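In the numbering used here, the protein residues as written are 202 to 568. Glycine included, C-beta positions come from ideal geometry on N, C-alpha and C. Everything numeric in this text was worked out from a predicted model, so none of it was measured.
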């Protein structure tokens with residue numbers, strides 16, 4: 202066991218914070234220090250986990266609810282995946298300006314407080330907010346800021362797991378990663394890849410005593426003095442970007458983007474956004490056809506076309522080259538829709554393709 206692996210950790214809810222107004226982080230820090238009094242006040246080595254929602258409220262980060270889509274777009278760096286949901290809406294998983302990959306750039310309509318006709322926005326610099334809050338907490342409590350840590354937490358889903366959990370959106374004064382590489386495991390073998398995301402673990406632990414329905418926006422984590430480090434990197438350092446990001450786009454969006462319909466843009470909307478629920482073969486086939494025909498140069502478009510049926514399409518072109526282009530694009534577009542060609546034949550009208558659904562649970566290349 203290392204000094205960073207304690208035998209006991211306390212997670213203490215901070216009650217009595219109340220509804221937070223747009224009075225700035227100094228006022229929020231004052232409220233949090235007062236709430237910590239029930240646990241003997243802040244002590245050296247404490248880590249304070251604060252919901253991003255109250256940070257947003259303190260900073261007045263709101264937008265009218267009827268401008269939610271514009272707010273999501275403004276808070277988006279890039280779109281990874283998008284799906285049509287009920288009532289004609291589209292949900293997008295994006296890299297948020299705040300840092301992490303999450304749904305709707307973290308724009309939230311729950312627990313908005315005094316203005317029910319508004320949505321809350323994430324701060325653009327959560328690490329900066331955590332740093333300022335740590336300084337204000339120290340000033341109001343008399344503690345040494347170098348011996349306090351602050352996490353700004355938010356809730357997000359995980360690509361491979363159901364449900365949501367809290368993560369470290371912003372951080373100041375907290376070691377967020379415990380790198381075990383080179384340390385021996387229980388059998389004496391050197392660990393080679395284990396690097397624990399301790400900051401996210403702390404955020405999730407804090408959420409066990411915080412409550413989205415209980416009005417408890419913050420928690421104290423006590424017993425982790427080795428995790429408090431004024432030189433530690435912020436939470437943005439946890440976000441994988443560039444070559445290290447293996448999941449820069451959803452699998453459907455990657456195919457559609459290669460055919461000219463990158464997610465989040467008007468072209469993708471014109472082609473049609475796949476739905477979260479079950480769709481008929483005809484609906485998926487129609488979308489695949491629009492994607493197939495999408496980027497043809499004007500001179501080629503005049504020579505090409507298609508007829509659409511319930512489970513088949515007939516590609517028409519003035520020459521075999523253009524038809525070959527259509528055929529190749531159609532197969533890729535069909536794959537993006539979970540469809541495959543089960544019969545292919547020449548007719549007097551052109552090349553007819555009959556399709557069926559693929560087994561989406563099968564390994565790549567198998568149906």
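For residue i, count neighbouring Cβ atoms within 10 angstroms of its own Cβ and tell me buried if that reaches 16, exposed if not.
{"i": "residue 465", "result": "buried"}
{"i": "residue 510", "result": "exposed"}
{"i": "residue 367", "result": "buried"}
{"i": "residue 202", "result": "Because residue 202 carries a pLDDT of 40, less than 50, the predicted location of this residue cannot be relied on, and the following value inherits that uncertainty. Exposed, since its Cβ has fewer than 16 Cβ neighbours within 10 Å."}
{"i": "residue 338", "result": "buried"}
{"i": "residue 412", "result": "exposed"}
{"i": "residue 515", "result": "buried"}
{"i": "residue 543", "result": "exposed"}
{"i": "residue 538", "result": "buried"}
{"i": "residue 208", "result": "exposed"}
{"i": "residue 364", "result": "exposed"}
{"i": "residue 483", "result": "exposed"}
{"i": "residue 257", "result": "buried"}
{"i": "residue 409", "result": "exposed"}
{"i": "residue 204", "result": "In this prediction, residue 204 scores a pLDDT of 49, lower than 50, which makes its location untrustworthy; the coordinate-derived value is nonetheless stated afterwards. Exposed is the call here."}
{"i": "residue 333", "result": "buried"}
{"i": "residue 317", "result": "exposed"}
Tell me whether the beta-carbon of residue i lies closer than 8 Å to the beta-carbon of residue j.
{"i": "residue 362", "j": "residue 378", "result": "no"}
{"i": "residue 569", "j": "residue 541", "result": "This structure leaves residue 569 out entirely; the chain is present only between 202 and 568."}
{"i": "residue 251", "j": "residue 232", "result": "no"}
{"i": "residue 253", "j": "residue 355", "result": "yes"}
{"i": "residue 215", "j": "residue 236", "result": "yes"}
{"i": "residue 456", "j": "residue 475", "result": "no"}
{"i": "residue 372", "j": "residue 435", "result": "yes"}
{"i": "residue 375", "j": "residue 350", "result": "yes"}
{"i": "residue 273", "j": "residue 306", "result": "yes"}
{"i": "residue 420", "j": "residue 213", "result": "yes"}
{"i": "residue 255", "j": "residue 467", "result": "no"}
{"i": "residue 404", "j": "residue 352", "result": "yes"}
{"i": "residue 295", "j": "residue 302", "result": "yes"}
{"i": "residue 328", "j": "residue 437", "result": "yes"}
{"i": "residue 534", "j": "residue 460", "result": "yes"}
Using DSSP bridges, identify the partner residues of residue i.
{"i": "residue 341", "result": "In the DSSP output, where bridge partners are listed per residue, residue 341 has none listed."}
{"i": "residue 365", "result": "358"}
{"i": "residue 412", "result": "417"}
{"i": "residue 543", "result": "Paired residue(s): none; residue 543 is not in a bridge."}
{"i": "residue 379", "result": "397"}
{"i": "residue 552", "result": "516 and 547"}
{"i": "residue 277", "result": "297"}
{"i": "residue 265", "result": "319"}
{"i": "residue 352", "result": "250 and 372"}
With residue i and residue j assumed to form a contact (beta carbons below 8 Å), what rounded beta-carbon distance in angstroms separates them?
{"i": "residue 243", "j": "residue 451", "result": "Not confirmed; about 43 Å, so no contact."}
{"i": "residue 324", "j": "residue 299", "result": "6 Å"}
{"i": "residue 322", "j": "residue 279", "result": "In fact, because the Cβ distance is near 18 Å, the residues do not count as touching under 8 Å."}
{"i": "residue 492", "j": "residue 248", "result": "Between residue 248 and residue 492 the Cβ distance is about 49 Å, and since that is not below 8 Å, they are no contact."}
{"i": "residue 224", "j": "residue 345", "result": "Residue 224 to residue 345, Cβ: 25 Å. No contact."}
{"i": "residue 369", "j": "residue 401", "result": "5 Å"}
{"i": "residue 571", "j": "residue 293", "result": "The structure shown has nothing for residue 571, since the chain only spans 202 to 568."}
{"i": "residue 528", "j": "residue 552", "result": "6 Å"}
{"i": "residue 210", "j": "residue 425", "result": "6 Å"}
{"i": "residue 342", "j": "residue 234", "result": "5 Å"}
(message) At 3 residues or longer, what runs of the beta strand (DSSP E) sit wholly inside the region 281-322?
(response) 291-297, 302-304 and 319-321
(request) Just list the alpha helix (DSSP H) runs in the region 202-263, keeping only unbroken ones of 4 residues or longer that don't cross its boundaries, in chain order. (result) 226-237 and 253-259
(request) Let me know the beta strand (DSSP E) ranges lying completely inside the region 450-526, each 3 residues or longer, listed in chain order. (result) 505-509 and 513-518
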